[in-house]
Amino acid sequence: MALLALACVDVRAVQRDLLAWYAAHGRDLPWRRTRDPYHILLAEVMLQQTQVERALPKYREFLQAFPTVADLAGAPRAEVIRRWSPLGYNLRAVRLHRIAQQAAQERACRFPESLEELLSLKGVGRYTAGAIACFAFGQPVAFLDTNIRRVLGRCLGSIPYPAASQDRALLALAEEALPREQAYAWHQGLMDLGAAVCLRARPRCGECPLAAHCRARPLLEAEEGEGVGRSVREERPPYRVQPRYPGSRRYYRGRIVAALRVLPSGESLSLETLGRRLRPEFTAEHTEDAKWLRALVAGLAREGLVAVDSSEERGGPTISLPREPVRISS
DNA sequence: AAACCGGGGTC
DNA sequence: GACCCAGGTTT
350 MALLALACVD VRAVQRDLLA WYAAHGRDLP WRRTRDPYHI LLAEVMLQQT QVERALPKYR
410 EFLQAFPTVA DLAGAPRAEV IRRWSPLGYN LRAVRLHRIA QQAAQERACR FPESLEELLS
470 LKGVGRYTAG AIACFAFGQP VAFLDTNIRR VLGRCLGSIP YPAASQDRAL LALAEEALPR
530 EQAYAWHQGL MDLGAAVCLR ARPRCGECPL AAHCRARPLL EAEEGEGVGR SVREERPPYR
590 VQPRYPGSRR YYRGRIVAAL RVLPSGESLS LETLGRRLRP EFTAEHTEDA KWLRALVAGL
650 AREGLVAVDS SEERGGPTIS LPREPVRISS
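In our numbering, the protein residues as written are 350 to 679.
Here it is, written out as structure tokens:
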């Protein structure tokens, strides 16, 4: 399938046109001015499900607070979680912290360079491993993110709305299409093109440097005009089915972390107090209320986002952000 | 394969 | 209010 797909496209021309476009239109971003794997890792994790514009200021702040892997590894987790706000997906902060600790304790603050070893870091998946190998260590490895998947899936694969389920085939295609001497600019360019031109819902084919090569362009443009493209439009999967936010489990998890985040360092909250900060009508004596909150807190504790201290004499457990200082060995 | 995980910006 | 977003892990 992949071989067949590439046979239809002038890959060299695609490479040339994308690299030229990137040289002219690529954005100047701080994580493109460094090859420090720690900085690259930070950027990649922040950019998971978070747009560039929103990650940008936090990236700078975070590096100012934790300039080196050792600084991050040695920081209390509570501080790392505080600094993450308000990016969301707080588990990313925990994972980042753990990776830094692993690098500090087992590798003298160095990062592994091979794809395989990078993948062994918990919280580093195929995309992030590829990005670090390529962006920090200059390796010619292929990888997919949502933008690359869409650009390559459309241009080379003729798929208007490529899904993650097709990643096996698309990664093979990406490996064939990779210009090994310019893997860095190739990937950065694919991501910029996906973010600025080859948009998911309304691709700007008129501005696309790859329009002449793109196998999906006829399908996408037919979709613009009505009638003809209806069948294609119906193939478009919903972006992400998200439950209504206020009142959801997700919402209250976020509220719990937010409530603990603003606590003076060293303080913690009883379940009763925490519950009332989430919902004024909360009562610990109400069994349903208490069960609900305990379940939420237990989930957060399992992920390392909160700490539960049950050693208090009376009044039940108290909740805080995890604050135990971290020992690093060098 | 699908569900889960936040939050803010845009239209 | 719907749509969008440089993923990874768990079930």
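Think of the CB as a built atom: it goes at the ideal place given N, C-alpha and C, for glycine as much as any other residue.
At which residues does the alpha helix (DSSP H) containing residue i begin and terminate?
{"i": "T383", "result": "Here T383 belongs to no alpha helix (DSSP H), and DSSP marks it neither H nor E."}
{"i": "T417", "result": "Careful: T417 lies outside any alpha helix (DSSP H) and carries neither H nor E."}
{"i": "D516", "result": "516-526"}
{"i": "Y600", "result": "598-610"}
{"i": "V646", "result": "636-651"}
{"i": "I508", "result": "Element bounds for I508: n/a, residue is neither H nor E."}
{"i": "R566", "result": "566-573"}
{"i": "R361", "result": "360-374"}
{"i": "Y533", "result": "532-545"}
{"i": "C483", "result": "475-484"}
{"i": "Q454", "result": "440-456"}
According to the neighbour-count rule (16 or more other Cβ atoms, all chains shown, within 10 Å of its Cβ), is residue i buried or exposed?
{"i": "E393", "result": "buried"}
{"i": "C547", "result": "buried"}
{"i": "C557", "result": "buried"}
{"i": "A656", "result": "buried"}
{"i": "G664", "result": "exposed"}
{"i": "G624", "result": "buried"}
{"i": "E572", "result": "buried"}
{"i": "G543", "result": "buried"}
{"i": "P386", "result": "buried"}
{"i": "P511", "result": "buried"}
{"i": "P671", "result": "buried"}
{"i": "V590", "result": "exposed"}
{"i": "Y594", "result": "exposed"}
CA-CA distance, residue i and residue j?
{"i": "I508", "j": "A523", "result": "14 Å"}
{"i": "R361", "j": "R602", "result": "49 Å"}
{"i": "E616", "j": "V443", "result": "20 Å"}
{"i": "R643", "j": "Y371", "result": "50 Å"}
{"i": "S327", "j": "V429", "result": "The first residue shown for the chain is 350 and the last is 679, placing residue 327 beyond what the model contains."}
{"i": "L405", "j": "T383", "result": "14 Å"}
{"i": "K640", "j": "W433", "result": "28 Å"}
{"i": "V490", "j": "G437", "result": "29 Å"}
{"i": "G576", "j": "G487", "result": "Confidence is the limiting factor: at G576 the pLDDT is only 48, short of 50, which leaves the residue's position unreliable and the question unanswerable from this model."}
{"i": "A532", "j": "R517", "result": "20 Å"}
{"i": "V606", "j": "G653", "result": "11 Å"}
{"i": "Y588", "j": "E530", "result": "34 Å"}
{"i": "E298", "j": "K407", "result": "What is shown of the chain runs 350 to 679, which leaves residue 298 out entirely."}
{"i": "H635", "j": "Y600", "result": "21 Å"}
{"i": "R676", "j": "R475", "result": "Low per-residue confidence applies at R676: pLDDT is 46, beneath 50, and the placement is therefore not dependable, though the value from the model is reported in the following sentence. Computed Cα separation, rounded: 29 Å."}
{"i": "R431", "j": "L445", "result": "13 Å"}
{"i": "R626", "j": "R441", "result": "25 Å"}
{"i": "R403", "j": "L396", "result": "9 Å"}
{"i": "A633", "j": "L470", "result": "40 Å"}
{"i": "D420", "j": "G648", "result": "28 Å"}
{"i": "E630", "j": "N496", "result": "45 Å"}
Please check the pair residue i and residue j, which I expect to be a contact at CB under 8 Å, by giving their CB distance rounded to whole angstroms.
{"i": "A449", "j": "A422", "result": "4 Å"}
{"i": "L505", "j": "L355", "result": "6 Å"}
{"i": "L464", "j": "A485", "result": "Not quite, the Cβ-Cβ distance comes to about 12 Å (not below 8 Å), so this is no contact."}
{"i": "C554", "j": "R566", "result": "5 Å"}
{"i": "V418", "j": "C458", "result": "4 Å"}
{"i": "L520", "j": "L539", "result": "Between L539 and L520 the Cβ distance is about 13 Å, and since that is not below 8 Å, they are no contact."}
{"i": "S660", "j": "L612", "result": "Their Cβ separation, rounded to whole angstroms, is 18 Å, which puts S660 and L612 out of contact at 8 Å."}
{"i": "L412", "j": "L391", "result": "7 Å"}
Out of the options, which has the shortest C-alpha to C-alpha gap to residue i?
{"i": "Q400", "options": "C554, H562, D541", "result": "D541"}
{"i": "R498", "options": "S469, Q537, E634, L467", "result": "Q537"}
{"i": "V363", "options": "E652, H562, G555, S617", "result": "H562"}
{"i": "I389", "options": "P613, F460, A424", "result": "F460"}
{"i": "V500", "options": "R432, T632, A545", "result": "A545"}
{"i": "R365", "options": "A607, G596, L470, L559", "result": "L559"}
{"i": "T667", "options": "R626, Q413, S619", "result": "S619"}
{"i": "E570", "options": "S660, E402, R551", "result": "R551"}
{"i": "L378", "options": "R409, L367, D359", "result": "R409"}
{"i": "W290", "options": "A369, V358, A419, A457", "result": "In this structure the chain extends from 350 to 679, so residue 290 is not present and cannot be described."}
{"i": "R610", "options": "P435, A424, V358, D420", "result": "P435"}
Could you check where the beta strand (DSSP E) with residue i kicks off and where it finishes?
{"i": "L658", "result": "Looking at the sequence itself, residue 658 is Asp, so the reference to Leu does not match. Run containing D658: 656-658, per the beta strand (DSSP E) assignment."}
{"i": "I681", "result": "No information on residue 681 is available, as it lies outside the stretch 350 to 679 that the chain covers here."}
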